[in-house]
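Protein chains in written order, with the numbering used here: chain C, 193 to 654; chain H, 10 to 439. Where is the CB? At the ideal position from N, CA and C, for every residue including glycine. For reference, the structure is listed below as structure tokens.
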Amino acid sequence: MKELRGNMRLVGALVVIAFVALSAWFALTVFEQGSIWASSSRNTRLRQTSAQRGDIIDRDGVVLATTQNGERVYLANNSARRALAAVVGDDAGMSGTGVESYYSAQLLDISDSLLERLSALFNGKQRKGSSVELTIDARLTAAIAGQFPSGYRGSVCVLNYKTGEVLAMVSLPSYDPSNPADAEDTAYLNRCLQGLYTPGSVFKLVTLCSALEHDSNVINQSFSCAGTWNYEGGSIVCAGKTAHGTVNLESALSKSCNVAFGKLAYQLGLTRMRETAETLGFNENMKLGDFVIYNSQFPTSQQNASDLVWSGIGQSTVLVTPMHMTMITASIANGGAMIRPWMVKRIASVTGAITHSGGAKSYRQVMSAQTASTIARYMRSAVQSGTARKAAISGYTVCGKTGSAETSDDKSVETNSWFTGFIQDSAHPYAVSVVIEQGGAGSGLATELARKALSASIEYIG
Amino acid sequence: MSKIEKMRKALMRTNTRLLLTAVMAFQCISMVLLAFRTNPIDTQALLLAAAMPVLTGLTVGLLGKLWPLDRAILILSLLLASIGIITLTAIARSPITPRTHAIYAAAGLFAMCVGIMMMRSIRDWRRFMLPLAFICIVMLVSPWIIGQEKNGARNWISIIPNQLTIQPSEFMKPVLIVVLAAGLSNRPRFVRCLPVLAFAALCCGILLSEKDLGALLLYFLTTVFMYYAATSNALLTLAGLGMGCGAAVIAYHAFEYVRDRIAIWQNPWTDPEKTGYQLIQSLIAIGSGGLFGMGLGLGSPRNVPLYHSDFIFASISEEFGLICAVCVLAVYVLIILRGLMTAMNARTSFHSLTAFGIVVLLGLQTMLIVGGNTKLLPLTGVTLPLVSYGGSSLVSTFFSIGMLLGISSMNAEDETKDIDQLALKEELAL
Numbered sequence: 193m194k195e196l197r198g199n200m201r202l203v204g205a206l207v208v209i210a211f212v213a214l215s216a217w218f219a220l221t222v223f224e225q226g227s228i229w230a231s232s233s234r235n236t237r238l239r240q241t242s243a244q245r246g247d248i249i250d251r252d253g254v255v256l257a258t259t260q261n262g263e264r265v266y267l268a269n270n271s272a273r274r275a276l277a278a279v280v281g282d283d284a285g286m287s288g289t290g291v292e293s294y295y296s297a298q299l300l301d302i303s304d305s306l307l308e309r310l311s312a313l314f315n316g317k318q319r320k321g322s323s324v325e326l327t328i329d330a331r332l333t334a335a336i337a338g339q340f341p342s343g344y345r346g347s348v349c350v351l352n353y354k355t356g357e358v359l360a361m362v363s364l365p366s367y368d369p370s371n372p373a374d375a376e377d378t379a380y381l382n383r384c385l386q387g388l389y390t391p392g393s394v395f396k397l398v399t400l401c402s403a404l405e406h407d408s409n410v411i412n413q414s415f416s417c418a419g420t421w422n423y424e425g426g427s428i429v430c431a432g433k434t435a436h437g438t439v440n441l442e443s444a445l446s447k448s449c450n451v452a453f454g455k456l457a458y459q460l461g462l463t464r465m466r467e468t469a470e471t472l473g474f475n476e477n478m479k480l481g482d483f484v485i486y487n488s489q490f491p492t493s494q495q496n497a498s499d500l501v502w503s504g505i506g507q508s509t510v511l512v513t514p515m516h517m518t519m520i521t522a523s524i525a526n527g528g529a530m531i532r533p534w535m536v537k538r539i540a541s542v543t544g545a546i547t548h549s550g551g552a553k554s555y556r557q558v559m560s561a562q563t564a565s566t567i568a569r570y571m572r573s574a575v576q577s578g579t580a581r582k583a584a585i586s587g588y589t590v591c592g593k594t595g596s597a598e599t600s601d602d603k604s605v606e607t608n609s610w611f612t613g614f615i616q617d618s619a620h621p622y623a624v625s626v627v628i629e630q631g632g633a634g635s636g637l638a639t640e641l642a643r644k645a646l647s648a649s650i651e652y653i654g
Numbered sequence: 010m011s012k013i014e015k016m017r018k019a020l021m022r023t024n025t026r027l028l029l030t031a032v033m034a035f036q037c038i039s040m041v042l043l044a045f046r047t048n049p050i051d052t053q054a055l056l057l058a059a060a061m062p063v064l065t066g067l068t069v070g071l072l073g074k075l076w077p078l079d080r081a082i083l084i085l086s087l088l089l090a091s092i093g094i095i096t097l098t099a100i101a102r103s104p105i106t107p108r109t110h111a112i113y114a115a116a117g118l119f120a121m122c123v124g125i126m127m128m129r130s131i132r133d134w135r136r137f138m139l140p141l142a143f144i145c146i147v148m149l150v151s152p153w154i155i156g157q158e159k160n161g162a163r164n165w166i167s168i169i170p171n172q173l174t175i176q177p178s179e180f181m182k183p184v185l186i187v188v189l190a191a192g193l194s195n196r197p198r199f200v201r202c203l204p205v206l207a208f209a210a211l212c213c214g215i216l217l218s219e220k221d222l223g224a225l226l227l228y229f230l231t232t233v234f235m236y237y238a239a240t241s242n243a244l245l246t247l248a249g250l251g252m253g254c255g256a257a258v259i260a261y262h263a264f265e266y267v268r269d270r271i272a273i274w275q276n277p278w279t280d281p282e283k284t285g286y287q288l289i290q291s292l293i294a295i296g297s298g299g300l301f302g303m304g305l306g307l308g309s310p311r312n313v314p315l316y317h318s319d320f321i322f323a324s325i326s327e328e329f330g331l332i333c334a335v336c337v338l339a340v341y342v343l344i345i346l347r348g349l350m351t352a353m354n355a356r357t358s359f360h361s362l363t364a365f366g367i368v369v370l371l372g373l374q375t376m377l378i379v380g381g382n383t384k385l386l387p388l389t390g391v392t393l394p395l396v397s398y399g400g401s402s403l404v405s406t407f408f409s410i411g412m413l414l415g416i417s418s419m420n421a422e423d424e425t426k427d428i429d430q431l432a433l434k435e436e437l438a439l
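Encoded structure:
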């Protein structure tokens, strides 16, 4: 009997501990994620509540969305309103990623304090939800959208790489949040967060990072480029079959030499490439807090040499979101520390109580500071003397990398035009990524737009 | 009886009286609130506002007078059952649901009394082991012959078609525990355990064939834990748990519905309209409730399929809020702790093991369904004991609680006898 009691005490204690742990876990999860769950566009309660939605405000205090006489009102300027639709969303919840949807629980305060709700019940006033203040600059966003080459689709993200503040997200085609039902195909998508694009040559930054991190001698290595390279089972060609001759890593990046990077990926092997890519956030469900991004993808296994070689130049099955690409560029600019991008500065209730305030937070160190500065130097020479010359802004040091990503096997579709880069200046720490769908080879369109976006950032934000 | 002993008892009586008063007040106030929610006034709710506290008070008073049972377990069980009735009144589509549930609860109280009396009157349970095991197997097999499939599991049989259906796996839980306790009592050697273990394995096999994963898991874990407590054979217990894990892996590869469950649990958002719908709506309901809840009857938990049975915890979280939901879990912990004390104090290993089995089953079942509702564990279709809508589960759980109470009353009597004897010895010594 004594032994029985001892055993029962042990098992009973285990059960009770498990039970208490489960309860605590439950409470913590709900406490942390409850409002995110409640904000889901599938929550029908949000349409039933009598509360008035709170305001959405940009970093300068411009009111992007407010409620007047029961109607949701967005910016008066037509093009600015459309430009900000990807960020702000709409109260019908057509865009699931917009602040209107993602923060609807806070905008409506559906689970606010009992006291406030009781007082609302007694004084008969309509409750008003919290206001959400963003790090986004509305003028900058509208300016970038205005500069976007007309007739094209794509996206632009601008980040402050020191603090992680998201300054602008443009996704085109856009739609009118005042009339959300009338929209072009795929307009509800925020391409910055949800657009999974083949990165093409901008991915060479990752291949370069992998090489520098894994092999200290690679920096002295030179590659011979005859414009095309036949490896076992296939061949890789440089743009326009240009023979770059003998190149080192720096000139390979600034000239965007496919052969050199194909060889580099081949000598690194898939395991090391994958390790670096995953350190940088590929194949990872990144938990950023203020918004959700789709998972970028890097192949986890290879069928043949082609997969590896083409992955090295960002083709094959590699996919990336523009926001993630900007994060990678930002970590190069920021000495190898990946910063967590954030968008919500402050959430304040009607009474002025601040229920949430954002701030700079490091995501993790993704490469050594030395690697980061080497890549930055190579990117600078790409702007000074390589493929990214159109990104140069006089008076500032711009570093960048162009890309043109093939999305079809037979070249029947124009390539996507990419640019990612940053200003090397601690007073203007801005990183940008531009994708222009079917923008054509040479990536001139994307590079020019990136320059305009960076100049506008300097102009509007300072 | 010593003076200190008397004072301790008096203090306990005051405590239980306080607890009882609080529970009765909670029942009355909640139901009155719900009655005046609608226009015209919900007479059924008003009736329940009077009936529930009265019945609670009477049950506790009467049973407490008859037998010296553990009143805390009794009152807390009644509290849970009334939370079930109140929540159902607040959220159900038609008033028939809470009415039926209240009738089941009354039947449950009756079953509880039967449980107390059976536990107190039957001394030699070993005689009943074989017939009980036989009944258990027959009942578990019965859905195969006269059964119905509900929510993907074939675990129902209908007594009166379309009116009274019961779930044998629920009713057989106390039977399983009693058979195991009888077979494992008095520290048997491994060979002597084999028949009951084979019986438990057979039960699990039948449940697997009926796709009743929740019950299967509960039967299995209860058996393993009772085996360990009875024999202290850690090696074989771990081997049993390992076998269970192995079986789970095999089941994962062999059965598509197991894979589906796991996939939904890992990420319900991939298919929010179909397979993930239930879980997502549950999370949304819990999230909408926030800390203090939407208010009794003010939420809309009906968006969650099975909001009244498997997902009632999500409904409670939405209506009452996170803080109250955690308090409900605390009530379970209290019942479990008191139940464990009862198990420790029991005089024979059979009674000890029975009480232990009941408590462990109750704890595991609550964990499974609460974890399932909140995406912490994969969802298995079991009820929240004493709270969820469903006659089989409610009556069977009340019966188990009755057995537990019966054991606690016998413990108290034995204790009194001990004290009397001690006093007699002291007198003789003088």
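Residue i classed as buried or exposed, judged by whether at least 16 other C-beta atoms fall within 10 angstroms
i, result
"residue 199/C", "buried"
"residue 155/H", "exposed"
"residue 420/H", "buried"
"residue 295/H", "buried"
"residue 252/H", "exposed"
"residue 455/C", "buried"
"residue 198/H", "exposed"
"residue 389/C", "buried"
"residue 47/H", "exposed"
"residue 325/H", "buried"
Proximity below 8 Å, CB of residue i to CB of residue j
i, j, result
"residue 405/H", "residue 179/H", "yes"
"residue 656/C", "residue 402/C", "Because residue 656/C is not part of the residues shown, which for chain C are 193 to 654, the question remains open."
"residue 523/C", "residue 530/C", "yes"
"residue 405/C", "residue 560/C", "yes"
"residue 626/C", "residue 645/C", "yes"
"residue 318/H", "residue 383/H", "no"
"residue 366/H", "residue 120/H", "no"
"residue 614/C", "residue 510/C", "no"
"residue 425/C", "residue 498/C", "yes"
"residue 440/H", "residue 113/H", "Any question about residue 440/H goes unanswered here, given that chain H covers just 10 to 439."
"residue 53/H", "residue 132/H", "no"
"residue 383/C", "residue 338/C", "no"
"residue 216/C", "residue 276/C", "no"
"residue 393/C", "residue 537/C", "no"
"residue 490/C", "residue 475/C", "yes"
"residue 118/H", "residue 106/H", "no"
Within chain C, the residues that residue i reaches when beta carbons sit closer than 7 Å
i, result
"residue 312/H", "236"
"residue 338/H", "215"
"residue 224/H", "Simply none; closest approach about 18 Å."
"residue 376/H", "210, 211, 214"
"residue 447/H", "For chain H, the structure presents residues 10 to 439; residue 447/H sits outside this window and is missing."
"residue 335/H", "215, 219"
"residue 379/H", "214, 218"
Min CB distance residue i to chain A below 8 Å
i, result
"residue 166/H", "Chain labels in this structure do not include chain A; the protein chains are C and H."
Partner residues on chain C for residue i, Cβ-Cβ distance less than 8 Å
i, result
"residue 239/H", "196, 199"
"residue 273/H", "Within chain C, no residue comes near residue 273/H; the closest Cβ sits about 15 Å away, beyond 8 Å."
"residue 383/H", "218, 221, 222"
Amino acids of chain H, ordered along the chain, whose beta-carbon sits closer than 8 Å to that of residue i
i, result
"residue 227/C", "296, 299"
"residue 408/C", "Per Cβ cutoff of 8 Å: no residues; residue 408/C is ~40 Å from chain H at best."
"residue 203/C", "234, 237, 238, 365, 369"
Anticipated Cβ contact below 8 Å, residue i with residue j, distance rounded
i, j, result
"residue 608/C", "residue 623/C", "In fact, because the Cβ distance is near 19 Å, the residues do not count as touching under 8 Å."
Uninterrupted beta strand (DSSP E) stretches inside the segment 356 to 422 of chain C (no shorter than 3 residues): 358 to 364, 414 to 417
Quick one: complete beta strand (DSSP E) runs, 3+ long, within the segment 453 to 514 of chain C? none
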